[in-house]
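Worksheet: one structure, shown below.
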Amino acid sequence: MPPSSPTIKRLFAMSGNKCAFPGCQVLLTGDAVIGEVCHIEADKPGGPRYNSAQTEDERHAFENLMLMCANHHKVIDSNPESFTVARLKEIKRRHEEKYAGGKEPSDDIVAKLLQPFIITGPFHGPTVISQGQMGGQTAMHINNLGLMPRIITQASGDALVAELQNYPSEPFYIQYVGGDQEIFDFAETLEAVLVAAKWNSGGMSMVIRYPPLVRWGIRLFAPDNPGVQCFLQWLNGNGFEVEPHIRESDSVTIQVGHNR
């Protein structure tokens with residue numbers, strides 16, 4: 014059972030026709046309808062944040078739905094340990110507060126959303142996709158869907174720890190731009206993963222208004238050894254934007270940006 018037409022209309026109106034993910038400004042209607050209706054608590058067992066106590070009506074109610082672009086729908090459903098029910102409800106509340114009283118979309122837009130509604134998909138919940146899309150993938154003509162947040166999942170962190178344990182431990186320390194909670198959370202997680210791999214942390218330091226670092230958000234300093242090269246490969250393999258600089262021939266500064 015998909016969400017009702019009135020629910021879809023209300024969702025778009027309260028979302029300003031924009032992705033609800035913090036910092037994403039993707040407009041989800043226009044020449045094509047690219048919005049995806051995301052369930053905070055999944056509609057099927059095994060899905061992210063599934064709540065067996067919910068009724069069918071509650072699962073498809075406005076309160077359990079968010080409007081997002083394809084990229085950020087995948088982010089939240091691939092990382093349920095980070096994007097909890099409480100966190101998503103707060104993201105929804107803040108986003109909808111900005112657009113309260115917005116204009117409802119036309120019946121034509123709602124029809125485009127409901128016609129290809131898929132009950133099961135790669136995100137374990139109902140996914141609204143535009144014509145020409147397959148399996149919840151982003152349509153080929155959609156290009157810039159905004160930057161993804163820096164996220165290390167439990168599985169990818171465990172894989173890095175296992176790989177780095179094949180190399181000697183390394184000393185490192187991290188600089189991060191202050192005033193951005195997402196950057197701070199990532200810096201803390203990154204430090205915890207490297208410490209779990211038996212690397213020796215020299216701590217973290219906050220930098221305020223330093224233009225070169227603001228571009229990236231994170232800097233990590235470590236010796237230019239094979240273990241560090243393994244770490245660089247892991248960053249690239251997990252989609253992070255990175256820029257390494259060799260300093261004084263024996264150490265490397267790794268600048269880490271958003272996921273590509």
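Going by our numbering, the letters in the sequence shown line up with residues 14 to 273, in that order.
Using N, Cα and C, we set each Cβ at its ideal position, and we do this for glycine too.
Keep in mind it's a predicted model, so treat the numbers as computed, not measured.
List the whole-angstrom C-beta distance separating Thr266 from Phe234, where the pair is believed to meet the contact cut-off of C-beta under 8 Å. Taking the first residue of the sequence shown as 1, we reach residue 266 at position 253. Taking the first residue of the sequence shown as 1, we reach residue 234 at position 221. Indeed, because the Cβ distance is near 6 Å, the residues count as touching under 8 Å.
Using the three-state DSSP reduction, which class does Pro19 fall into: helix, strand or coil? Counted from its first residue, the sequence shown places residue 19 at position 6. Correct three-state label for Pro19: helix.
Based on Cα-Cα distance, which residue from Asn92, Arg106 and Ser218 lies nearest to Ser28? Position 15 of the sequence shown holds residue 28. When only C-alpha atoms are compared, the closest one is Arg106.
How close, in whole Å, do the beta carbons of His52 and Asn77 come, if the pair is a contact with beta carbons under 8 Å? On the sequence shown, residue 52 is found 39 positions in, with the first residue counted as 1. On the sequence shown, residue 77 is found 64 positions in, with the first residue counted as 1. Rounded, the Cβ-Cβ distance is 6 Å, consistent with contact.
Determine whether the beta carbon atoms of Asn84 and Thr166 lie at a separation below 8 Å. Here residue 84 is taken as the residue at index 71 of the sequence shown, counted from 1. Here residue 166 is taken as the residue at index 153 of the sequence shown, counted from 1. Result no, Cβ atoms of Asn84 and Thr166 do not sit closer than 8 Å.
What are the boundary residues of the alpha helix (DSSP H) that includes Gln246? Residue 246 sits at position 233 when you count from the first residue of the sequence shown. Pro239 to Gly250 is the span of the alpha helix (DSSP H), which, as asked, contains Gln246.
I need the straight-line Cα distance from Gly180 to Leu248, nearest angstrom please. Walking along the sequence shown from the start, residue 180 turns up at place 167. Walking along the sequence shown from the start, residue 248 turns up at place 235. According to the sequence provided, residue 180 is Tyr. The question's Gly does not apply to it. When rounded, the distance between both Cα atoms is 17 Å.
Kindly list the residues whose CB is nearer than 7 Å to the CB of Ser182, restricted to its own chain and excluding five residues on each side of it in sequence; keep chain order. Taking the first residue of the sequence shown as position 1, residue 182 is located at position 169. Same-chain partners within the cutoff: Lys211, Trp212 and Asn213.
Once you ignore the five residues that flank Met217 on each side, which residues in its own chain have a CB closer than 8 Å to its CB? Along the sequence shown, one-based indexing puts residue 217 at 204. Around Met217: Tyr186, Ile187, Gln188, Tyr189, Ala200, Glu201 and Glu204.
Leaving out five residues before and five after Gly170 in sequence, what residues of the same chain have Cβ atoms less than 6 Å from its Cβ? Taking the sequence shown and counting its residues from 1, the one referred to as residue 170 is at position 157. Val206.
Between which two residues does the beta strand (DSSP E) carrying Asn213 extend? Working through the sequence shown from its first residue, we reach residue 213 at position 200. That run of the beta strand (DSSP E) goes Asn213 to Val220.
Compare the C-alpha of Thr20 against each of Asp70, Lys87, Val269 and Asn64 and name the closest. By one-based count along the sequence shown, residue 20 stands at place 7. Considering only alpha carbons, the answer is Asp70.
Within 10 angstroms of the Cβ of Ala66, are there 16 or more other Cβ atoms? Answer buried if so, exposed if not. Against the sequence shown, residue 66 aligns to sequence position 53. That one is exposed.
Out of curiosity, what's the CA-to-CA distance linking Val50 and Ala26? Along the sequence shown, read from residue 1 onward, the residue named residue 50 stands at position 37. Along the sequence shown, read from residue 1 onward, the residue named residue 26 stands at position 13. The straight-line gap from Cα to Cα measures roughly 13 Å.
Bridge partners of Arg232, per DSSP? By 1-based counting over the sequence shown, the position of residue 232 is 219. Per DSSP, Gln188 and Gln268.
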